[in-house]
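Worksheet: the structure to be examined is printed underneath.
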């Protein structure tokens, strides 16, 4: 089958023609998200009301969930109370709560007025969980079975009561005291003999998460144990909700995007890129650039002082290599920071694995720094010999001898080029090595005090490494140019 | 329930004591991955053979899959052919293929010798799919039903033949010509009346992926449509395999990690950080640093030339701001690159949305660049007034007047400070703005020609922006210092 594509124009036309039959057919054969995307672009939202009047609410509930938040908001104002109640009834509670979090207060109260009283209580409770915790992403529509049932009895209950649950692929088994004692995969239930007690076939090696756990924690559990759904318990160890794998897929992607954004100095966005207006976008970008600019003051100060020292006055060509020194140090440490951030995010290691990680990275740093400084040494001699940079203090009349103008390098030229390249290469070695070591310590240290390493570590690293590089540069230059004068 | 934790020492002791009963109990109540992690650290791999002799293969198959690849390799050499055959039989084919891809050739042939002939054909076929395609991650153990069955008949078939399938939560429905005509969720089948034809309850709005599609593509489909499993078809549109959501969770995380690594100039690792030896790690880091170093030559060259121009000779303090200029330009563009890379990876936009994205980003760039250059202007005047940087050409005797030493700024000092700060701030504005614009064009351009934008875009950006910043700096400085002399 070719996936049927639906365009905004096509669906708008069908609504204009009031083509009930074709609209109903589309809602049966086209996935809700594709329809929602096409409909979100229809400028006159009023037209969408026709869809909710025409199509059965079992098809429109998911469709409504997937619409853009602006469109949703407008629709709620446009619909009558009874139309609204219809949609709300067929929405899953966790989706509904997500919607409510984005609506203005007056619409929230209108929505809450239109759901039955018991459900309102659940919604209010869910709205109170802190953002990005297990509680905030869990659903309360799960199926709980007592452990005294047989397989056939369990299947009968699933048939009777499972239809409005978010998942029946994982069932949660409780004992008479309502303690969670196991989980049961639906397939194991299907394969079991009818009179087999579910106590015999349930998984006793299940894991749970706590209602206050961070969603990243929950994602790691679901991923590690390849679960379809994980039980969420409160502090009394009672089952209060369930997180399903489709929500986890979104969490993993969101957390990854946040890591990338934080590493690149963007305050993580709440919405997607295109949905975030430019002024808000700018606000996510400006603070970090300014923080980095202020931190950069240390670099400016160091460079200003160094520039005025004797050795830099005699050999001004050294200044031309400053950006290369800083970029290389930053890049080298940046590599390590990225590996640390992802290692911590995917729980490959934790702050307490510090010694394992640092000993591994020290060896890597040694190899990397040696390799690049050897290469850099040769490359920088080449840069001088080809006149890419010129030692103005060694001019022969108006020209500097290079490979192009036929003037020969005397031993003085050669020694000078070696000293310049040597100074830069040695500083590169030190900068790159120290940078990688600090790039291990900073994120692991920040994670150890339970802060987000992606946000804090990188800006600090750049400044520290810049300043260290500049001071080493001055030291090494003074040494080489005074010792071997 | 508290998750039972198991340590390496504990399990090693149980093996030494040959405590069959407790080992068997552990394999029933502790998740395989926890056991595999504890056992991977046992130094004498021979001891592990005892586990495979003691515990039923239905428990050890997954355990074996989760072991470290080194340990797996050693175990295969240690086991007899019949022991090996037992494990292989209970492993899912896609896991087995993953294992084979990491084994040396002689062990691969030994493993293949020990699987039944029909399965060997499947394995060989799977081994031939290109890495990171749908074919390479799919399983061939799925359940296919003909569309003429009733619900009860379907359930009977699932009970008879579903047990060794990787998933029965999504069933694939074919017609008599073996064309895929629908998918069926197990829960819908359970809720259906026994005599209802499955044709009536199956989803007709299903989507498929192609066997050569990139795994990232597959992940986007599964995520977008919240699927448990997606059908993989070949070029004749025949169903050849299935990718399940638990594999997708790994793909999403792996792709995110690769994005972070590529953005930080690390060639993506094949294994996890701790499993990659230092020399290999270094090899993933060195090439990019050297590429960046070579690209940096343009910056060095530009700075060397600029340093020798008249305006920089008169106002050497301008040199001290060069790192700030470059860092800020790089940071500003880096923010945008990160947003582009993730937007492309999560399919929020595509290269053909170029105009939508660039018009949005141009506005953001304008706001960000204005804000930071206004701030920078004031900050740089402060830096001069407090003596963080000193205009040596304006010394009064041996000292430069600052807020600390009581010497007053004359209007000449003030004008000079304004010109210096103005030059840097205007260059910052230009650098930051241009950087953000290029940071949209580069990744979208690279993606349009189907290359990985994360790898190519960032190094090019830094160099281009550095050189543009330096040239603008020279131009603006010449203008301000000659015009307002």
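Chains as they are written, first to last, in our numbering: chain E, 1 to 485; chain F, 486 to 970.
Ideal placement from N, C-alpha and C gives every residue a C-beta, glycine not left out.
Pairing residue 198(E) with residue 173(E) gives a Cβ-Cβ distance under 8 Å. Looking at the DSSP output, residue 144(E) sits in a beta bridge with 172(E). The CB of residue 178(E) never comes closer than 7 Å to any CB in chain F; the least such distance is about 13 Å. Residue burial annotation: residue 234(E) is exposed, with fewer than 16 other C-beta atoms found within 10 angstroms of its C-beta. Taking a contact to require three or more Cβ pairs closer than 8 Å, the stretch 938-955 of chain F and the stretch 859-870 of chain F do not qualify as touching.
Relative to residue 74(E), the option among 307(E), 44(E), 221(E) whose CA is nearest is 44(E). Listed along the chain, the chain E residues whose CB falls inside 9 Å of the CB of residue 610(F) amount to none; the nearest CB is some 23 Å away.
Boundaries of the beta strand (DSSP E) harbouring residue 240(E): 239-244, taken from the DSSP string. In the pairwise beta carbon analysis, the stretch 700-710 of chain F is classified as touching the stretch 615-626 of chain F: at least three pairs are separated by under 8 Å.
One Cα belongs to residue 222(E), the other to residue 750(F), and the distance between them is close to 30 Å. Contact between residue 852(F) and residue 278(E) is confirmed by a C-beta separation of about 6 Å, below the 8 Å threshold. Not a single CB atom of chain F sits nearer than 8 Å to the CB of residue 473(E).
Closer than 9 Å at the C-beta level to chain E, one finds these residues of the stretch 798-825 of chain F: 801, 802, 804, 805, 806, 807, 808, 809, 811, 812, 813, 815, 816, 817, 819, 820, 821, 822, 823, 824, 825.
Inclusion of residue 141(E) and residue 90(E) in the CB contact set at 8 Å is not warranted, their separation being larger than that value. Residue 193(E) and residue 537(F) have their C-alpha atoms some 28 Å from each other.
Identification of chain F residues near residue 122(E) by a Cβ-Cβ cut-off of 9 Å yields none; the smallest Cβ-Cβ distance measures about 22 Å. When 8 Å is used as the limit between beta carbons, residue 204(E) is near these residues of chain F: 513, 514, in chain order. No Cβ of chain F is located within less than 8 Å of the beta carbon of residue 214(E).
A straight line joining the alpha-carbon of residue 28(E) with that of residue 241(E) spans about 31 Å. For the pair residue 184(E) and residue 206(E), the Cα-to-Cα distance works out to about 9 Å. With the criterion set as a beta carbon lying under 7 Å from some beta carbon of chain E, the members of the stretch 709-724 of chain F are 709, 710, 711, in sequence order.
Under DSSP, residue 668(F) forms a beta bridge with 657(F), 688(F).
A straight line joining the alpha-carbon of residue 317(E) with that of residue 735(F) spans about 50 Å. Pairing residue 901(F) with residue 314(E), the inter-Cα distance amounts to about 26 Å.
Taken through DSSP and simplified to helix, strand or coil, residue 752(F) comes out as coil. According to the DSSP assignment, residue 71(E) belongs to the alpha helix (DSSP H) that extends over 69-78.
Taking 4 residues as the minimum length, the alpha helix (DSSP H) runs contained wholly in the stretch 596-623 of chain F are 602-612, 619-622, in order along the chain. Between the alpha carbons of residue 615(F) and residue 697(F) lies a distance of about 8 Å. Interface criterion met: the Cβ of residue 738(F) is under 8 Å from a Cβ in chain E.
When 7 Å is used as the limit between beta carbons, residue 279(E) is near these residues of chain F: 852, in chain order.
In the DSSP assignment, the residues bridged to residue 150(E) are 197(E). Between residue 336(E) and residue 439(E), the gap from beta carbon to beta carbon is short of 8 Å.
For the pair of segments examined, the stretch 652-667 of chain F was found not to touch the stretch 579-587 of chain F: the number of CB pairs separated by less than 8 Å stays below three. Contact check between the stretch 785-800 of chain F and the stretch 344-357 of chain E: fewer than three CB pairs, one atom from each, fall below 8 Å, which does not count as touching. Going by DSSP, residue 463(E) is part of the alpha helix (DSSP H) stretching over 453-483. Cβ-Cβ distances below 8 Å link residue 319(E) to 307, 312 in the same chain, with the five nearest sequence neighbours on each side left out; the list follows chain order.
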